[in-house]
Structures are given as structure tokens and as C-alpha cells.
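The structure under discussion appears below in the form of C-alpha cells.
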Amino acid sequence: MLKRANELACLGLGLTGSNPIVGAVVLSPAGVIIGEGFHKSGPHAEVVALEQAGQLAQGATMFVTLEPCNHQGKTGPCTEAIIKAGISRVVYAVRDPNPLASGGAKALEAAGIEVVFNTEVADIAYSNRAWIHKIKTNRPYFIWKIATTLDGRTAAIDGSSKWITGPESRAQVSKLRSESSAILIGTSTALVDNPNLIPRDLEETGRVNPVRIVMGLREIPSDFNLHNDDAETIFLRSHDLSNLLKLCHERDFNQVFVESGSELGTALLKAGLIDELIIFQAASLLGSGLSFIGDLGATNIKEKMDFKIIEVEQYGIDLKIKLTKETEI
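Start counting the sequence shown at 5; every next residue gets the next number (my numbering).
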């Protein structure tokens with residue numbers, strides 16, 4: 005049931021703004037699912053699931069991915085809704101790290117509800133990693149996406165780069181964009197590629213286009229795509245990463261999807277700000293051209309930067325390799 009709740013939670017990626025993704029399932033004493041819900045702005049997952057269950061929620065068990073909140077925000081505390089509905093048992097997978105909303109488990113136990121903290125489904129914390137990371141570190145989760153050849157080239161020597169990877173990989177990039185709060189590039193990428201940075205088919209999902217951030221000092225011509233009305237664009241006229249972090253904090257971004265070239269990406273990596281690398285690797289070689297990574301300052305093999313491979317998938321003829329430097333959420 006927790007795995008099902010997590011599947012529901014993931015439907016909310018890109019829909020919750022600065023809030024976490026949450027999924028909830030209500031199970032009757034007979035073992036029948038009588039209510040399901042996920043957070044997509046507005047009512048929380050628990051409330052949606054309880055409304056679906058109605059009177060059948062009396063004596064039922066709720067499975068929820070995140071500890072139910074215990075504070076009054078734009079909506080009332082989920083703990084109050086659970087108590088009022090007559091739920092007898094709550095099973096949750098991730099403790100709420102937000103001090104403003106924590107304490108839900110204790111409030112439910114004080115009301116006589118059995119509460120079970122179950123950490124066996126590791127995917128649940130991982131699915132909510134961006135929000136959890138933001139709460140714990142006070143900055144968003146940065147994912148750097150790279151499309152490269154087998155020899156690490158992102159463009160040919162003449163600067164041409166479309167298309168290194170196939171349509172299946174590009175569809176995945178569109179999905180990753182739609183799940184992010186903001187998309188970050190440098191002015192070099194903006195001037196060379198004239199990107200739009202808009203996910204495809206968002207109308208069908210209810211998501212809004214993520215904020216586009218262009219970092220650097222050079223002017224972007226007014227007729228370039230980044231000046232259109234498809235999404236908000238912030239031109240951050242700075243090379244100082246502290247200004248980027250200040251902007252992200254002010255906007256309360258959960259996840260920033262980096263689609264920059266090597267200069268900005270390497271700077272973020274050296275500063276310890278890249279939390280995850282997603283490399284779409286084509287089965288091709290260039291032998292020359294632009295590398296996706298710049299100088300990391302390593303002078304011998306002991307100074308290499310190591311990563312943990314957490315996922316490898318094939319899309320068309322490309323490999324998608326997901327790596328992280330984090331050992332735990």
C-alpha cells in the first residue's frame with residue numbers, strides 16, 4: 005500500500021509548487037482500497053483520500069508517504085481530518101523534516117490512533133528527495149542534465165549539437181523539465197542554442213511551465229525565445245553562485261534542472277551544488293569538439309571526483325545514467 009501511495013505521490017511532481025509530493029491510500033478493515041489521493045496544490049493527499057472514502061473511513065487504515073502535517077497553513081492540519089474521519093491506524097514512510105509541520109505522528113497517537121513508521125520502502129524518500137533536500141539544506145536540489153557522445157562531447161568542433169541523442173531521450177528531458185521548479189542555463193547556451201526550455205504536452209498534465217533562469221552578464225537579443233511569454237524568465241546578471249542561491253531561496257524552488265554548458269555546470273559541480281547528474285549518452289563518437297566538463301583542478305588520479313550510479317536505463321539507442329554524490333537523503 006505504501007508503494008501504491010508513492011505511485012500516487014509521483015503524479016504530483018511539478019504540481020505542488022514549493023510543497024512536497026504526497027500520496028495516500030485508505031484501506032478498509034476487509035483489505036479493500038476505499039480512497040486514494042495525491043497532493044497537486046489545494047487539498048492535501050490525506051484529505052482527498054478521506055473524501056473519496058467517506059463514511060467508510062471509520063476504522064480504516066491510512067497509508068501515506070509523508071508524516072501527516074500538524075499545522076495550519078493554506079489548508080487545515082491533516083491530523084485533524086484523519087482524527088475526524090475515524091481512521092484507526094496510520095502507516096507512514098517518511099518523517100516530516102519541516103519543523104513547522106512536524107509532530108503529526110504524536111498528535112495522532114495522542115488521539116488514540118495507532119501510528120506505524122515504516123521505512124522499508126526506500127523509493128519513497130527518494131521520490132521526494134528534492135523537497136527533503138531543500139528543507140534540510142535550505143537550498144534546492146540541483147540536477148545537471150547532459151547529452152553526450154561516448155567520448156564525452158556535447159557538440160562538434162563547429163558547435164553543432166542537434167541532435168546528439170534520439171527522440172526518446174529528448175522526451176525524457178521534457179518530462180524532467182516538467183517536474184522541476186526552474187530550469188537553469190548560462191548566457192553561452194542561450195546565445196548558441198536559442199532554446200525555449202518548455203516541456204512538451206504540459207496542457208494534458210495540468211503542470212505550469214517552470215521558471216527559466218539565464219545566468220551571466222551578456223545580453224540576450226530581444227527576439228530570442230527566452231523573451232517570449234511561454235514561461236517566466238529571470239535574467240540573473242551575475243557569475244556569483246551566491247546570487248543564484250539567494251534567488252532560489254527567495255522563490256522557494258524545490259528542484260532546479262540545469263541544462264547549461266560546461267562552464268556553469270563545472271562551476272556548480274566544483275562548488276558542491278550539483279546533487280545529481282543525469283547523462284544521456286549516445287552510442288556515437290566525435291573524437292573532437294566540446295567536452296561536457298571543464299577543469300576540476302585534479303592533478304592526479306587520487307583527486308578524481310567519484311559518483312554513485314543509482315540508475316541506468318536505455319531509451320531508444322541511448323543510455324540514461326543517473327548518478328549522485330549523496331549517500332543518503
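Every residue, glycine too, gets a C-beta built ideally from N, C-alpha and C.
task: Taking Ile189 and Glu267 to be in contact with their CB atoms under 8 Å, please state how far apart those CB atoms are, rounded to whole angstroms.
output: Not quite, the Cβ-Cβ distance comes to about 11 Å (not below 8 Å), so this is no contact.
query: What residue from Glu280, Ala97, Ala109 and Ala64 has the CA that sits closest to Pro81's CA?
result: Ala109
- request: With a 10 Å radius around its C-beta and 16 neighbouring C-beta atoms as the bar for buried, classify Lys4 as buried or exposed.
  value: Outside the modelled stretch of the chain, which goes from 5 to 333, sits residue 4, for which no answer is possible.
task: Please go through the same chain and pick out, in chain order, the residues whose beta-carbon is closer than 6 Å to the beta-carbon of Glu280, but skip the five residues on each side of it.
output: If we look at Glu280 and ignore the five residues flanking it on each side, its Cβ neighbours are Ile147 and Thr328.
query: DSSP puts Asp322 in a beta bridge; with which residues?
result: Tyr319
field: Rounded separation between Gly63 and Arg8 - CA only
entry: 20 Å
query: Three-state secondary structure (DSSP) at Ile86?
result: helix
- request: Following the continuous beta strand (DSSP E) through Gly276, name the residue where it begins and the one where it ends.
  value: Unbroken run through Gly276: none, as it is neither H nor E.
query: Cβ atoms of Ile128 and Asn10: under 8 Å apart, would you say?
result: At a Cβ-Cβ threshold of 8 Å, Asn10 and Ile128 count as neighbours.
message: When you compare the CB positions of Ile86 and Ala57, do they come within less than 8 Å of one another, or not?
response: no
- prompt: Which class does Ile333 belong to by DSSP, given the choice of helix, strand or coil?
  reply: Residue placement at Ile333 is poorly supported in this model, since its pLDDT is 47, which falls under 50; the coordinates are not used for a value here.
Local Cβ density within 10 Å of Pro144, reported as buried at 16 or more and exposed below that: buried
- request: Note down, in chain order, each residue of its chain lying with its Cβ closer than 7 Å to the Cβ of Val196, except the 5 sequence neighbours on either side.
  value: Gly163
query: Lys110 by DSSP, collapsed to three states: which one?
result: helix
- prompt: For Thr193, does the three-state DSSP call read helix, strand or coil?
  reply: helix
query: On the three-pair Cβ rule with 8 Å, is the segment 86-100 touching the segment 65-75?
result: Three or more Cβ pairs closer than 8 Å define a contact, and the segment 86-100 meets that threshold against the segment 65-75.
query: Cβ atoms of Pro214 and Ala186: under 8 Å apart, would you say?
result: yes
query: Which residue from Asp227, Leu54, Val95 and Ile168 puts its Cα closest to that of Thr123?
result: Val95
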